[in-house]
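In our numbering, the protein residues as written are 52 to 545.
By construction, the Cβ of each residue, glycine as well, lies at the ideal position given by its N, Cα and C atoms.
Treat the numbers as computed from the prediction; the structure is a model and nothing was measured.
Below is one structure, written out as structure tokens; comments come after it.
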């Protein structure tokens, strides 16, 4: 807290907390102009002073964030409450109470950086990607989708629109699929063709739910343009000669099956990848190559294939040596040597699975980090109130804790300070516990967090409650100093 003469902006009083905050010795700031504590921004310190003074004249008070500067030149952020006051000695003065909010501003920056990391992660993937929220509105796209839309000469203003609103050529069932995912939580893979600017485009679309606290909050859509692959299949039908060349010179394993699900043709890539000779594979069928742990119902898939004409599934294939690797198998009915047959193209998706796993891990880590930062941000906002009581700070802190943990629905907490317990409404002491304790002016502050079920705590969660205890210690000590100062000033006045 400090006092400024209204007529010339001269500082006439500073309390010890203010002097310590700005790095000055006792009494050193007396006589300086108030502009000296303002850091230059897009405005000069004098312009900042005049702006605040102007608002004071109009409204009688000013509240807001201001970039101040310490004696050594270090800039730092404060939240200031400014109002006029008639002082018996100095006449009309301005009372300014400053709270250091540097930590909160740091957290705000970290939140922005977390979002940047998430965007960087999806931009790492080469396939076009967009994310919709529960209102079916597109909220995020990656660079690959922006380029894909641009290459197709489509409208590039898609944020805030539904997929159908952004791309009217989408079939109606596309939106029904999103509804199904929000309701049932199962990913959906579809293959379809549309005409865009007189050109047929075929895509494989993967719609994957994103869970937050066991609730689906978003759906990520990954688009793979397989127009060229579909063109390959068409050429296979049109020309036996071309078929043979393409068949044996693709990087994907290709199998042709008869209606009895027996292999009748296999390409060279399949033999090399699986470690079998062509003759060995011709005596086998799909069930002989699928790893036993893959939950694949071959009969049900074949039934779906004959009903719809095509199907895409994921499975794990097994080599002759017993090694396993993930594949995406795209199958369809086609005419082979005058007879109905099945062609299955198996693509090794090991790298994609690694990337998807990294994406999931990254999403989880970022989500947990944002929850922790949000908790600390809430605590910073809580203690900014200069008149808030210690009891309200403790209860407010308790309310912030559950949402910062992995399993908020089964999280409860207790804070013990100066021999008194403060608890959440659902409090129950269990064996699954995190705790930390600090000393504050010979008084103990104990924070305990319990899970109501057997769940693991993260290292970061332990670090979080340690950080909370440190911030509460700092706040309580400052409150104690302010209390003593006010008592001293009151005694002096009387």
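Taking the CB atoms as reference points, tell me whether residue 546 and residue 523 lie closer together than 9 Å.
No answer is possible for residue 546: it lies beyond the span of the chain, which begins at 52 and ends at 545.
Taking the alpha helix (DSSP H) that residue 406 belongs to, which residues open and close that run?
As a first step, residue 406 is located in the chain shown; it is residue number 355 there, counting from the start. 401–435 is the extent of the alpha helix (DSSP H) around residue 406.
Answer with yes or no whether the minimum CB distance from residue 193 to chain D is below 9 Å.
Among the protein chains of the structure shown there is no chain D, as only one such chain exists.
Between which two residues does the alpha helix (DSSP H) holding residue 612 run?
Since the first and last residues shown for the chain are 52 and 545, residue 612 lies out of range.
Just tell me which of 273, 423 and 483 has its CA closest to the CA of residue 175.
Here residue 175 refers to the residue found at position 124 of the chain shown. Looking at the Cα atoms, 273 is the closest of the given residues.
Tell me the DSSP secondary structure of residue 324 in three-state form.
Numbered from 1 along the chain shown, position 273 holds the residue referred to as residue 324. Helix, per DSSP.
Can you find the residues in the same chain that come closer than 6 Å, C-beta to C-beta, to residue 259, ignoring five residues on each side of it along the sequence?
Locating residue 259 in the chain shown gives position 208, where the first residue counts as 1. Around residue 259: 238 and 271.
Using the C-alpha atoms, what's the distance from residue 213 back to residue 195?
To locate residue 195, count along the chain shown from 1; it is residue 144. To locate residue 213, count along the chain shown from 1; it is residue 162. If you take the alpha carbons of residue 195 and residue 213, they lie about 19 Å apart.
Counting along the chain, where does the beta strand (DSSP E) carrying residue 384 start and finish?
For this step, residue 384 is matched to residue 333 along the chain shown. Per DSSP, residue 384 belongs to the beta strand (DSSP E) from 375–387.
Among 236, 252 and 156, whose alpha-carbon lies nearest the alpha-carbon of residue 203?
Sequence index remark: in the chain shown, residue 203 carries index 152 (1-based). The candidate whose alpha carbon is nearest that of residue 203 is 252.
Going by DSSP, what residue range makes up the beta strand (DSSP E) through residue 445?
Against the chain shown, residue 445 aligns to sequence position 394. Residue 445 -> not in any beta strand (DSSP E); alpha helix (DSSP H) instead, spanning 441–451.
Terminal residues of the continuous beta strand (DSSP E) containing residue 461?
Numbered from its first residue, the chain shown carries residue 461 at position 410. From DSSP, residue 461 is part of no beta strand (DSSP E); its letter is neither H nor E.
Where does the unbroken beta strand (DSSP E) through residue 471 begin, and where does it stop?
Reading the chain shown from its first residue, position 420 is the one you call residue 471. Looking at the DSSP string, the run of the beta strand (DSSP E) that includes residue 471 is 471–474.
Taking the alpha-carbon of residue 496 as reference, which of 520, 73, 376 and 373 has the nearest alpha-carbon?
Numbered from 1 along the chain shown, position 445 holds the residue referred to as residue 496. It is 520.
If you compare alpha carbons, which of 111, 85 and 110 is closest to residue 100?
As a first step, residue 100 must be located in the chain shown, where it is residue number 49. Comparing Cα positions, the closest option is 85.
Beta-carbon within less than 7 Å of residue 579's beta-carbon, same chain only, minus the 5 sequence neighbours each way: which residues are those?
Any property of residue 579 remains undetermined from this structure, which presents the chain solely from 52 to 545.
Output the distance between the C-alpha atoms of residue 74 and residue 122, rounded to the nearest integer angstrom.
Translated into the one-based positions of the chain shown, residue 74 becomes position 23. Translated into the one-based positions of the chain shown, residue 122 becomes position 71. Answer to the nearest angstrom: the Cα atoms are 6 Å apart.
Which value, in whole angstroms, describes the spacing of the CA atoms of residue 224 and residue 399?
The sequence position of residue 224 within the chain shown is 173, counting from 1. The sequence position of residue 399 within the chain shown is 348, counting from 1. Each residue's Cα considered, the two are about 29 Å apart.
If you count every other CB in all the chains shown that lies within 10 Å of the CB of residue 512, and 16 or more means buried, which is it?
One-based indexing of the chain shown puts residue 512 at position 461. So residue 512 ends up on the buried side.
Can you tell me where the beta strand (DSSP E) with residue 368 in it begins and where it stops?
Here residue 368 refers to the residue found at position 317 when the chain shown is read from its first residue. Note, residue 368: beta strand (DSSP E), 361–369.
According to the neighbour-count rule (16 or more other Cβ atoms, all chains shown, within 10 Å of its Cβ), is residue 302 buried or exposed?
The residue given as residue 302 occupies position 251 in the chain shown. Answer is exposed; the Cβ neighbour count stays below 16.
Give the straight-line distance between the Cα atoms of residue 502 and residue 515, rounded to the nearest whole angstrom.
In the chain shown, counting from the first residue as 1, residue 502 sits at position 451. In the chain shown, counting from the first residue as 1, residue 515 sits at position 464. Cα-Cα distance, rounded: 16 Å.
From residue 423 to residue 509, what distance separates their C-alpha atoms?
Here residue 423 is taken as the residue at index 372 of the chain shown, counted from 1. Here residue 509 is taken as the residue at index 458 of the chain shown, counted from 1. Using only the alpha carbons, I get a separation of about 12 Å.
Would you mind sorting residue 285 into buried or exposed? The rule is 16 or more other CB atoms within 10 Å of its CB.
Translated into positions along the chain shown, residue 285 becomes position 234. Classification of residue 285: exposed, given that the 10 Å Cβ count is below 16.
Measure the alpha-carbon distance for residue 71 versus residue 143 and round it to whole angstroms.
The sequence position of residue 71 within the chain shown is 20, counting from 1. The sequence position of residue 143 within the chain shown is 92, counting from 1. So the alpha carbons of these two residues sit roughly 25 Å apart.
Does DSSP put residue 53 in a helix, a strand or coil?
Here residue 53 is taken as the residue at index 2 of the chain shown, counted from 1. Three-state result, residue 53: strand.
Please report the residue range of the alpha helix (DSSP H) in which residue 181 lies.
Your numbering for residue 181 matches position 130 in the chain shown. Residue 181 -> not in any alpha helix (DSSP H); beta strand (DSSP E) instead, spanning 180–184.
Enumerate in chain order the residues of its own chain whose CB-to-CB distance from residue 126 is below 6 Å, with the five nearest sequence positions on each side excluded.
Position 75 of the chain shown, counting from 1, holds the residue named residue 126. Cβ within range, chain order: 90, 118 and 120.
Please name the residue, chosen from 59, 232, 276 and 103, that lies closest to residue 83 on a Cα-to-Cα basis.
In the chain shown, counting from the first residue as 1, residue 83 sits at position 32. Residue 59 is the option with its Cα nearest to residue 83.
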